[in-house]
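Scroll down for the structure; my scribbles are underneath it.
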Amino acid sequence: MDNQPDLFIPEFRDFLIATAISPTLIRQVLDAPLLQKLGLIREVFGKMAIRHSTNMLYRQANYNLLREESEGYSKLVTELFSCVDDYDTPTTREAEAAFEKIKGLIGTFDLDVGRVLDVALDVHATSLVKASKFFVKLLRVSSWWPRSNTPFDAIIQGGLPDWALPLPSELDESAIAEVR
Numbered sequence: 004m005d006n007q008p009d010l011f012i013p014e015f016r017d018f019l020i021a022t023a024i025s026p027t028l029i030r031q032v033l034d035a036p037l038l039q040k041l042g043l044i045r046e047v048f049g050k051m052a053i054r055h056s057t058n059m060l061y062r063q064a065n066y067n068l069l070r071e072e073s074e075g076y077s078k079l080v081t082e083l084f085s086c087v088d089d090y091d092t093p094t095t096r097e098a099e100a101a102f103e104k105i106k107g108l109i110g111t112f113d114l115d116v117g118r119v120l121d122v123a124l125d126v127h128a129t130s131l132v133k134a135s136k137f138f139v140k141l142l143r144v145s146s147w148w149p150r151s152n153t154p155f156d157a158i159i160q161g162g163l164p165d166w167a168l169p170l171p172s173e174l175d176e177s178a179i180a181e182v183r
């Protein structure tokens, strides 16, 4: 039958009809070219199968890029800029409230946490002079800030003077004012 594929097709079709085997079972067991000759599937089935398998094998995984979740990231940027505009002298409570809103946006829009930090740092860079205190407080209350028992002074050994370190708490601001 392999050498002469069309030789027994009418007899084989009559045999399948006589056995009363369901067409669904026949489609599951027999090859596509034979099914086409028997008239159980359309001629475009092979092309559709190739297209489907190519689509399944080579489909690129979605990574949560800015262009894919534009609504979530635009709301994030809007929220960050509105926090910058609202708080001239930010408190820790306001930074915590802003971080809770950011966490809500991450959960609502399934945003990538690393990309959210990247966007927050970009917004911080655009408003560095105006809102650096707010962003430092926001980062400190966030889960991005490292939580360790190592004192901050032990980490930095040399480098910047005390008045230039990124420590904008009220106690540090009074100490900086005394140094000046």
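Each residue of the sequence shown is one higher than the one before, counting from 4 in my numbering. Every residue, glycine too, gets a C-beta built ideally from N, C-alpha and C.
Straight-line Cα distance separating Arg54 from Leu37: Locating residue 37 in the sequence shown gives position 34, where the first residue counts as 1. Locating residue 54 in the sequence shown gives position 51, where the first residue counts as 1. Each residue's alpha carbon lies about 20 Å from the other.
Under the three-state DSSP convention, the category Met4 falls into: By one-based count along the sequence shown, residue 4 stands at place 1. Bear in mind that the predicted position of Met4 carries a pLDDT of just 48, short of 50, making it too unreliable to give a figure here.
Straight-line Cα distance separating His127 from Ala134: Here the question's residue 134 lines up with position 131 in the sequence shown. Here the question's residue 127 lines up with position 124 in the sequence shown. So the two alpha carbons sit approximately 7 Å from each other.
Pairwise C-alpha distance: Asp125 and Ser73: Position 70 of the sequence shown, counted from the start, is the residue given in the question as residue 73. Position 122 of the sequence shown, counted from the start, is the residue given in the question as residue 125. So the two alpha carbons sit approximately 16 Å from each other.
Cutoff 7 Å; reference Pro185; Cβ partners in own chain excluding five residues on either side: Nothing can be reported for residue 185, as the shown portion of the chain is limited to 4 through 183.
Which listed residue (Phe112, Ser56 and Val132) has its alpha carbon closest to that of Asp91: As a working note, residue 91 is residue 88 in the sequence shown. Just measuring C-alpha positions, the residue of Phe112, Ser56 and Val132 sitting nearest Asp91 is Val132.
Cβ contact check for the region 46 to 61 and the region 98 to 107: 3 or more pairs under 8 Å: By the criterion of at least three beta-carbon pairs nearer than 8 Å, the region 46 to 61 is not in contact with the region 98 to 107.
Arg143 at chain C interface by Cβ criterion, 8 Å: Judged by its chain identifiers, the structure shown contains no chain C, having just a single protein chain.
For Leu120, three-class secondary structure by DSSP: As a first step, residue 120 is located in the sequence shown; it is residue number 117 there, counting from the start. Looking at Leu120 - three-state DSSP - the assignment turns out to be helix.
Glu181 in three-state terms, based on DSSP: On the sequence shown, position 178 is the one that residue 181 refers to. The DSSP-derived three-state label of Glu181 is helix.
Status (buried if at least 16 other CB within 10 Å, exposed otherwise) for Val87: The residue given as residue 87 occupies position 84 in the sequence shown. Buried, because 16 or more other Cβ atoms sit within 10 Å of the Cβ of Val87.
Leu120 to Ala52 span [Cα, whole Å]: Walking along the sequence shown from the start, residue 120 turns up at place 117. Walking along the sequence shown from the start, residue 52 turns up at place 49. Going by C-alpha positions, Leu120 is about 43 Å away from Ala52.
Length of the line joining the Cα atoms of Phe112 and Lys78: Indexing the sequence shown from 1 puts residue 112 at position 109. Indexing the sequence shown from 1 puts residue 78 at position 75. For Phe112 and Lys78, the distance between alpha carbons rounds to 10 Å.
N-terminal and C-terminal residue of the alpha helix (DSSP H) that Arg30 is part of: Here residue 30 is taken as the residue at index 27 of the sequence shown, counted from 1. From DSSP, the alpha helix (DSSP H) with Arg30 extends over Pro26 to Val32.
Alpha carbon of Ala23 to alpha carbon of Leu33, nearest angstrom: Your numbering for residue 23 matches position 20 in the sequence shown. Your numbering for residue 33 matches position 30 in the sequence shown. Taking the straight line from one Cα to the other gives about 15 Å.
Status (buried if at least 16 other CB within 10 Å, exposed otherwise) for Tyr61: The residue labelled residue 61 in the question sits at position 58 within the sequence shown. By the Cβ neighbour-count rule, Tyr61 is exposed, with fewer than 16 other Cβ atoms within 10 Å of its own.
Tyr76: first and last residue of the uninterrupted alpha helix (DSSP H) it sits in: On the sequence shown, residue 76 is found 73 positions in, with the first residue counted as 1. Where Tyr76 is concerned, the enclosing alpha helix (DSSP H) stretches over Ser73 to Asp89.
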